[in-house]
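Right, one structure below, let's go through it.
Residue numbers (UniProt numbering), protein chains in the order written: chain P, 1 to 577; chain S, 1 to 175.
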């Protein structure tokens, strides 16, 4: 057999030759610039783990305590670094445990490659030990998936996997590799994938649509921008900021869009959606031109579609053609990558300001401040609020921290009140609403941005869904800060029960363990705060700690998150109490 | 806008295992019944073609096309009304051979319906008929009276009156 020497693009390794499938997988990961991956070994993936052992100087494998944790960690890593997150697991239960994280990555457009081991190809379909049809199971929640049964497929399929995961609208890809393919020898050569015939990741920019959009924006009297994660995924923060500043248009964000421009930017008017700010929600139904940028009009953003922005002309900047006219009809659709479309838009915009219109946002902020924000951030009552904890973190982090939140009341509070100076700073499970996301995601976030403080804000419910990842934190010593806002309730469900189910608190009260003792059991420094006077000191101590740190804050049991657009109501019917 | 119509969806794809699952999942997830489904090669080498018939409003149809085209291995998807396509289905009847000789009327039915006898042996003969659904249904009703041993009907196959610019699209990629 002829052998050839090739030079791998990113690793500068002289790779030859005839190698096994398992080694090829590692070489593919290195060639794609992977330095960290998250996973859990088991029978069908053991050959790859054997190679990971040999390559541990170049590939950092993080052993999570559950495969779900591996996916969320990979997501956290991807969300802060902008790189593809990688998770690896064995067949059967190992593979099925990845599904929640994959579904989360799919709906939140997170680039991720999951590698699963599979039983040997001659056993496929025989109900072999730990065999599951992970291709069939993962199909509806992956951007692409593929089962490798021959080692010779590995380089091309792996290259395609990374290309598809990161290009266009990013998403998760699952590659299932049979055990025999891992052992098989073949002639390895790696070439990065730059195109797939049937796949058009970025629609071609139509200059006429940009001109039409600019004309409509320039002629508007009360324009409003709602931006989403598309700005961050497109690495278009600078272009976006320039568009906002030149056009003078008040700009509001979805929870995945926040941090694309600083929270304190004068034209940043806050969050839209169910627990968003009063002004941008109500004024969505008063603006004359609604400029949606890299967002998908999720139902938690729009409330009742029949009464959503009906008076407004809608311009939709979007990379995914399937999102245009899906929920809200666009008068003008500008398809393309946000970096490209916003750069094309900028020179066509007139320098403008809308002082009166902008004042409407400020007035409504004042109403919201007096009714809600003041009581959240500077409460006069005895019980601690979630808001004041966020305010305490802001005081120390000065907007430099990555905030990772779970799902529920604390998430809405974190997204409403956390201050951000830098992009890619808010990591949360937006579309899927996955409780248990934050603790493992924070591990990945810290590894993806080691120079930045990473604070996980978690409720007492979601925390216990992936609490075992404290083991991962202990073992890796990854210095994440964990804040559990404990109200001994599944708070958001309880809030809905209070408001919509006549306070029938069905299965929402939690009898909780001693969280501090548990953290200490994992040798993580920990403390509990029950009084206001202890709070700021505890936060300072946590933020100053060199290693991981756990802080439990006992908050008011039955606080509610307001404002709130009840399900099915109009954005203009947002409730302040 | 909200009127339901019969649409023929033509999907040009790569020929990969699992794609049928991925495509059917798009309909399944939205609880849209697939009236018929056919897969075959297409006019382009290495490109497969799905022909799917569904009843939907045009508004939903357009959204489904978006979801189909979003799939990595789908090259292009089109939808057409019955008026915009030439379409037919084909079917096979297996019938006892005695009837062919004993029941004169069967021979008339075969002749009038433009059905074709594919094979005859001592026990049974096989009749093939291609055409519109209504023609096949008529033949089915007529033959039912005599007893049908087996019946099978294919999914709809269709070509469009207008050009589907798929080759141009693929050429664009090659450049």
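Ideal Cβ placement from N, Cα and C applies to all residues, glycine included.
Between residue i and chain S, is there a C-beta pair that is closer than 8 Å?
| i | result |
| --- | --- |
| residue 196 of chain P | yes |
| residue 578 of chain P | The structure shown does not extend to residue 578 of chain P, since chain P spans only 1 to 577, so no value can be given for it. |
| residue 320 of chain P | yes |
| residue 143 of chain P | yes |
| residue 115 of chain P | no |
| residue 135 of chain P | yes |
| residue 6 of chain P | Note that residue 6 of chain P has pLDDT 44, beneath the 50 cutoff, so the model's placement of it is unreliable and the number below is only indicative. Chain S contact via Cβ: absent. |
| residue 582 of chain P | Chain P is shown only over 1 to 577; residue 582 of chain P falls outside these bounds and no answer can be derived. |
Between residue i and chain P, is any beta-carbon pair separated by less than 8 Å?
| i | result |
| --- | --- |
| residue 161 of chain S | no |
| residue 25 of chain S | yes |
| residue 22 of chain S | yes |
| residue 117 of chain S | no |
| residue 173 of chain S | yes |
| residue 170 of chain S | yes |
| residue 31 of chain S | no |
| residue 77 of chain S | no |
| residue 129 of chain S | no |
| residue 125 of chain S | no |
| residue 39 of chain S | no |
| residue 63 of chain S | yes |
Give the straight-line distance between the Cα atoms of residue i and residue j, rounded to the nearest whole angstrom.
| i | j | result |
| --- | --- | --- |
| residue 145 of chain P | residue 320 of chain P | 19 Å |
| residue 568 of chain P | residue 269 of chain P | 24 Å |
| residue 18 of chain P | residue 522 of chain P | 44 Å |
| residue 281 of chain P | residue 267 of chain P | 15 Å |
| residue 441 of chain P | residue 372 of chain P | 30 Å |
| residue 69 of chain P | residue 85 of chain S | 51 Å |
| residue 87 of chain P | residue 278 of chain P | 39 Å |
| residue 232 of chain P | residue 32 of chain P | 21 Å |
| residue 255 of chain P | residue 148 of chain P | 37 Å |
| residue 283 of chain P | residue 368 of chain P | 14 Å |
| residue 299 of chain P | residue 142 of chain S | 53 Å |
| residue 478 of chain P | residue 152 of chain P | 37 Å |
| residue 38 of chain S | residue 490 of chain P | 49 Å |
| residue 188 of chain P | residue 50 of chain P | 18 Å |
| residue 174 of chain S | residue 44 of chain S | 14 Å |
How would you call residue i, buried or exposed, if buried means at least 16 neighbouring beta carbons within 10 angstroms?
| i | result |
| --- | --- |
| residue 186 of chain S | Chain S is shown only over 1 to 175; residue 186 of chain S falls outside these bounds and no answer can be derived. |
| residue 563 of chain P | buried |
| residue 126 of chain P | exposed |
| residue 40 of chain S | exposed |
| residue 71 of chain P | buried |
| residue 271 of chain P | buried |
| residue 499 of chain P | exposed |
| residue 577 of chain P | exposed |
Quick one, which of the options has its alpha-carbon nearest residue i's?
| i | options | result |
| --- | --- | --- |
| residue 527 of chain P | P:556, P:548 and P:426 | P:548 |
| residue 183 of chain P | P:59, P:39, P:298 and P:118 | P:118 |
| residue 78 of chain P | P:109, P:57, P:381 and P:431 | P:109 |
| residue 115 of chain P | P:423, P:67, P:356 and P:520 | P:67 |
| residue 234 of chain P | P:93, P:295, P:192 and P:557 | P:295 |
| residue 230 of chain P | P:169, P:375, P:513 and P:396 | P:169 |
| residue 239 of chain P | P:167, P:340 and P:288 | P:340 |
| residue 572 of chain P | P:308, P:192 and P:237 | P:308 |
| residue 90 of chain P | P:492, P:27 and P:46 | P:46 |
| residue 204 of chain P | P:545, P:324, P:337 and P:514 | P:337 |
| residue 76 of chain S | S:113, S:65 and S:83 | S:65 |
| residue 88 of chain S | S:136, S:71, S:32 and S:108 | S:136 |
| residue 11 of chain S | S:33, S:17, S:48 and S:170 | S:48 |
| residue 330 of chain P | P:60, P:216 and P:374 | P:216 |
Using DSSP with H/G/I as helix, E/B as strand and the rest coil, what is residue i?
| i | result |
| --- | --- |
| residue 5 of chain P | Only weak support exists for where residue 5 of chain P lies, its pLDDT of 41 falling under 50; the value from the coordinates is given anyway. The answer is strand: DSSP assigns residue 5 of chain P an E or B state. |
| residue 375 of chain P | helix |
| residue 527 of chain P | strand |
| residue 470 of chain P | helix |
| residue 361 of chain P | helix |
| residue 223 of chain P | strand |
| residue 185 of chain P | strand |
| residue 239 of chain P | helix |
| residue 329 of chain P | coil |
| residue 304 of chain P | coil |
| residue 446 of chain P | helix |
| residue 112 of chain P | strand |
Under 7 Å: does the beta carbon of residue i sit that close to some heavy atom of the ligand FMN?
| i | result |
| --- | --- |
| residue 532 of chain P | What this structure holds is no ligand at all, so the ligand FMN is not there to describe. |
The segment 310-340 of chain P: positions lying closer than 9 Å to chain B by Cβ: Here chain B cannot be found, since the structure's protein chains are P and S.
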